[in-house]
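Visitor: I have a structure here, written as structure tokens, and I will follow up with some questions on it.
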């Protein structure tokens, strides 16, 4: 592992010609992209185009058949990968929040640093309360996930990921399951995170949001990246007919 | 008027004589269990009706005997005479109905302990542990309890030698062990099912938070399984309790054996039905509240989930 060779001027996440298939179904057919430290990138595209699979490969939730994915210079799909090390660096938030229902919001945030990283409980608690404040849920610390709205649960999920102090955050359609009125509170949280300099990779259907926060937009369709570019160029002067068709349907 | 509004023809009511009027509740494809069977085919009133009839019959019998000046014992007197033996066993040995209850407790405890480990074995990532756990579960889940009882009565030794001292293994203990095996297998399946019913998102989010598989299982998945497991586990306790009279076939002095002994001592065939009904009522009085409680828990947990 060449972790030590990585310097911040190199891409923090780098995909090279990634191929992924589920059985005979090819989902990713040669995807390459680079993300620099502190960058926010949005991956958009029609359903079934492989967006979610793409970001799940970055923290090794899915394996790949060919190509290379590196995170801070470390090859994610090396057989000797230290998954613990990788997942300490890469946080992930899911569409269905996936909070642990038998624990309170604060416990959800505190559990991983205490149990996985074996950190001191009192220190973790201080940091966890700070995070709950950051996602504006300091009054919901003792609530169970079942007592929270979707938007609140999703913000707890974000705080839970941040408790591991990751360098990169992956967001997999985090607003897709939410009521329209709670979407905004989650997006605001992500925007603040991006403003703090967190490297974010988002799969999203929120075009307005993508345009506002993203440094770079990638459009995927049928397992390949069709087009990418800075948001203004992408949304106003898309060159590929598939991108233009998709955007005309959405916007 | 509020009352009339609620009685509207088109409103779906929770209680209705017409099945089509009831809100649709998917059965989930799950297997029927004791509490389902009780709920749908055995109304609580039926149990009380049974007791009522038994009481009236015994009372009438006593009254008739008194009127006729019959010298022989009435059914009620006979029942009272044999009740201590049927309930507590012979004075110098462990037996009777309380032995049935003791056997049910011990077999349940042993079966649950073994079954939980077997269930965890069924979801092991180790291929062999998984296959063997599965095979053991299937073997004991699909074997007749009586055959298991005979098998282990004959298989297990009558005595063991520990440090030069010979200990007798009482028959009831061997029978208890045999009865714990199907419980083990069913608890194993309940646990496997409970684990499988936890959404995969729980595993994924734990994985992305760097939990190991073992940590995920013990800290996140299993605590969520407990609630789901309690109602089916209690069902199996009821089934086990009501199956304990099987051990009478192997000569253990349980409530059933002693009832048979009492009948043989009396030698009067008209006592057959009341005596067995008397014994049955004890099992009913013991099991029925547990079944009711199970139903309550099932409902409560269903709402909370």
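Protein chains in written order, with my numbering: chain Y, 175 to 425; chain C, 134 to 438.
Just so it is clear, CB atoms sit at the ideal spot from N, CA and C, and this is done for glycine as well.
As the structure is a prediction and not an experimental result, all values here were calculated from the model.
If you measure between the beta carbons of residue 391 (chain Y) and residue 379 (chain Y), is that distance less than 8 angstroms?
Guide: Here residue 391 (chain Y) refers to the residue found at position 217 of the first chain. Here residue 379 (chain Y) refers to the residue found at position 205 of the first chain. No, they are not a contact pair.
Visitor: Just the C-alpha distance for residue 217 (chain Y) and residue 377 (chain Y), rounded to the nearest angstrom, thanks.
Guide: Here residue 217 (chain Y) refers to the residue found at position 43 when the first chain is read from its first residue. Here residue 377 (chain Y) refers to the residue found at position 203 when the first chain is read from its first residue. Computed Cα separation, rounded: 5 angstroms.
Visitor: Output, in sequence order along the chain, the residues in the stretch 233-258 of chain Y whose CB is closer than 8 angstroms to any CB in chain C.
Guide: If the cut-off is 8 angstroms between Cβ atoms, the stretch 233-258 of chain Y has 233, 235, 257 and 258 near chain C.
Visitor: Answer with yes or no whether the minimum CB distance from residue 179 (chain Y) to chain C is below 8 angstroms.
Guide: The count along the first chain starts at 1 and reaches residue 179 (chain Y) at position 5. False, the Cβ-Cβ gap to chain C never drops below 8 angstroms.
Visitor: Out of curiosity, what's the CA-to-CA distance linking residue 216 (chain C) and residue 433 (chain C)?
Guide: For the purposes of this step, residue 216 (chain C) is taken as residue 83 along the second chain, with counting starting at 1. For the purposes of this step, residue 433 (chain C) is taken as residue 300 along the second chain, with counting starting at 1. So the two alpha carbons sit approximately 38 angstroms from each other.
Visitor: Who are the neighbours of residue 333 (chain Y) on chain C, taking C-beta pairs under 7 angstroms?
Guide: Mapped onto the first chain, residue 333 (chain Y) falls at position 159. Correct list: empty, because the minimum Cβ distance to chain C is about 12 angstroms.
Visitor: Between residue 186 (chain C) and residue 252 (chain C), which are expected to be in contact by the criterion C-beta below 8 angstroms, what is the C-beta distance as a whole number of angstroms?
Guide: Position 53 of the second chain holds residue 186 (chain C). Position 119 of the second chain holds residue 252 (chain C). With a Cβ gap of about 43 angstroms, residue 186 (chain C) and residue 252 (chain C) do not count as contacting.
Visitor: Quick check on the DSSP output: what are the complete beta strand (DSSP E) runs of length 3 or more inside the stretch 291-360 of chain Y, in order along the chain?
Guide: Whole beta strand (DSSP E) segments, 3+ residues: 342-346.
Visitor: Please tell me whether residue 322 (chain C) has its Cβ less than 8 angstroms away from any Cβ of chain Y.
Guide: Working through the second chain from its first residue, we reach residue 322 (chain C) at position 189. So no, residue 322 (chain C) is outside the interface.
Visitor: Can a CB atom of chain Y be found closer than 8 angstroms to the CB of residue 356 (chain C)?
Guide: On the second chain, position 223 is the one that residue 356 (chain C) refers to. With 8 angstroms as the cut-off, residue 356 (chain C) counts as an interface residue toward chain Y.
Visitor: Output the distance between the C-alpha atoms of residue 438 (chain C) and residue 338 (chain Y), rounded to the nearest integer angstrom.
Guide: The residue you call residue 438 (chain C) lines up with position 305 of the second chain. The residue you call residue 338 (chain Y) lines up with position 164 of the first chain. Here the model assigns residue 438 (chain C) a pLDDT of 45, short of 50, so the residue's position is not dependable, and the following value carries that caveat. Approximately 29 angstroms, taken between the alpha carbons.
Visitor: Beta carbon of residue 254 (chain C), beta carbon of residue 317 (chain C): below 8 angstroms?
Guide: Locating residue 254 (chain C) in the second chain gives position 121, where the first residue counts as 1. Locating residue 317 (chain C) in the second chain gives position 184, where the first residue counts as 1. No; because the gap between Cβ atoms is not below 8 angstroms, this pair is not in contact.
Visitor: So, at 6 angstroms on beta carbons, what are the nonlocal neighbours of residue 283 (chain C) in its own chain, with the 5 sequence-adjacent residues on each side left out?
Guide: In the second chain, counting from the first residue as 1, residue 283 (chain C) sits at position 150. Result list for residue 283 (chain C): empty, nothing under 6 angstroms.
Visitor: Let me know the secondary structure DSSP gives residue 246 (chain C) once reduced to three states.
Guide: The residue you call residue 246 (chain C) lines up with position 113 of the second chain. Residue 246 (chain C): helix per DSSP, three-state reduction.
Visitor: Looking at C-alpha atoms only, which residue of C:410, C:394, C:350 and C:262 is the closest neighbour of residue 331 (chain C)?
Guide: Your numbering for residue 331 (chain C) matches position 198 in the second chain. If we check each option's Cα against that of residue 331 (chain C), C:350 comes out closest.
Visitor: With residue 416 (chain Y) and residue 400 (chain Y) assumed to form a contact (beta carbons below 8 angstroms), what rounded beta-carbon distance in angstroms separates them?
Guide: Counted from its first residue, the first chain places residue 416 (chain Y) at position 242. Counted from its first residue, the first chain places residue 400 (chain Y) at position 226. About 5 angstroms separates the two Cβ atoms, so the contact holds.
Visitor: Just how far apart, CA to CA, sit residue 183 (chain Y) and residue 248 (chain Y)?
Guide: Working through the first chain from its first residue, we reach residue 183 (chain Y) at position 9. Working through the first chain from its first residue, we reach residue 248 (chain Y) at position 74. Going from the Cα of residue 183 (chain Y) to the Cα of residue 248 (chain Y) covers about 15 angstroms.
Visitor: May I have the straight-line CA-CA distance separating residue 233 (chain Y) from residue 307 (chain Y), to the nearest angstrom?
Guide: For the purposes of this step, residue 233 (chain Y) is identified with residue 59 of the first chain, where counting begins at 1. For the purposes of this step, residue 307 (chain Y) is identified with residue 133 of the first chain, where counting begins at 1. Straight-line Cα distance between these residues: approximately 27 angstroms.
Visitor: Rounded to the nearest angstrom, how far is the Cβ of residue 479 (chain C) from that of residue 374 (chain C), given a contact under 8 angstroms?
Guide: Since the displayed chain C opens at 134 and closes at 438, residue 479 (chain C) lies outside it and no answer follows.
Visitor: Taking the CB atoms as reference points, tell me whether residue 201 (chain Y) and residue 194 (chain Y) lie closer together than 8 angstroms.
Guide: As a first step, residue 201 (chain Y) is located in the first chain; it is residue number 27 there, counting from the start. As a first step, residue 194 (chain Y) is located in the first chain; it is residue number 20 there, counting from the start. Cβ distance < 8 angstroms, so residue 201 (chain Y) and residue 194 (chain Y) count as in contact.
Visitor: Between the C-alpha atoms of residue 196 (chain Y) and residue 338 (chain C), what's the straight-line distance to the nearest angstrom?
Guide: In the first chain, the residue the question calls residue 196 (chain Y) occupies position 22. In the second chain, the residue the question calls residue 338 (chain C) occupies position 205. Distance between the alpha carbons of residue 196 (chain Y) and residue 338 (chain C) is about 21 angstroms.
Visitor: Using a Cβ-Cβ cut-off of less than 9 angstroms, give me the residues of the stretch 337-352 of chain C that come near chain Y, in sequence order.
Guide: Within the stretch 337-352 of chain C, the residues whose Cβ lies closer than 9 angstroms to some Cβ of chain Y are 337, 338, 339, 340, 341, 342, 343, 344, 345, 348 and 352, listed in chain order.
Visitor: Could you tell me which chain Y residues have their CB closer than 8 angstroms to the CB of residue 335 (chain C), listed as they occur along the chain?
Guide: Along the second chain, read from residue 1 onward, the residue named residue 335 (chain C) stands at position 202. In chain order: 272 and 274.
Visitor: May I ask you to list, following chain order, the residues of the stretch 289-309 of chain Y that have a beta carbon less than 9 angstroms from some beta carbon of chain C?
Guide: Within the stretch 289-309 of chain Y, the qualifying residues are 289, 290 and 291.
Visitor: I'd like the ranges of any alpha helix (DSSP H) spanning at least 4 consecutive residues and lying wholly in the stretch 254-280 of chain Y.
Guide: You should have 257-263.
Visitor: With a threshold of 16 other CB atoms inside 10 Å of the CB of residue 272 (chain C), please say whether the residue is buried or exposed.
Guide: As a working note, residue 272 (chain C) is residue 139 in the second chain. That one is exposed.
Visitor: Note down, in chain order, every chain C residue with its Cβ under 9 angstroms from the Cβ of residue 262 (chain Y).
Guide: Here residue 262 (chain Y) is taken as the residue at index 88 of the first chain, counted from 1. Within chain C, the residues near residue 262 (chain Y) are 343.
Visitor: Could you check where the beta strand (DSSP E) with residue 387 (chain C) kicks off and where it finishes?
Guide: Locating residue 387 (chain C) in the second chain gives position 254, where the first residue counts as 1. Unbroken run through residue 387 (chain C): none, as it is neither H nor E.
Visitor: What is the rounded straight-line gap between the Cα of residue 224 (chain Y) and the Cα of residue 396 (chain Y)?
Guide: For the purposes of this step, residue 224 (chain Y) is taken as the residue at position 50 of the first chain. For the purposes of this step, residue 396 (chain Y) is taken as the residue at position 222 of the first chain. Straight-line Cα distance between these residues: approximately 7 angstroms.
Visitor: Among Y:365, Y:276, Y:296 and Y:303, which residue has its Cα nearest to the Cα of residue 321 (chain Y)?
Guide: For the purposes of this step, residue 321 (chain Y) is identified with residue 147 of the first chain, where counting begins at 1. Of the listed residues, the one whose Cα sits closest to residue 321 (chain Y) is Y:276.
Visitor: Applying the 10 Å Cβ sphere with the 16-neighbour rule, what's the burial state of residue 213 (chain Y)?
Guide: Taking the first chain and counting its residues from 1, the one referred to as residue 213 (chain Y) is at position 39. The residue in question, residue 213 (chain Y), is buried, as its Cβ has 16 or more Cβ neighbours within 10 Å.
Visitor: I need the DSSP call for residue 208 (chain Y), collapsed to helix, strand or coil.
Guide: Stepping through the first chain from its first residue, residue 208 (chain Y) is reached at position 34. Three-state result, residue 208 (chain Y): strand.
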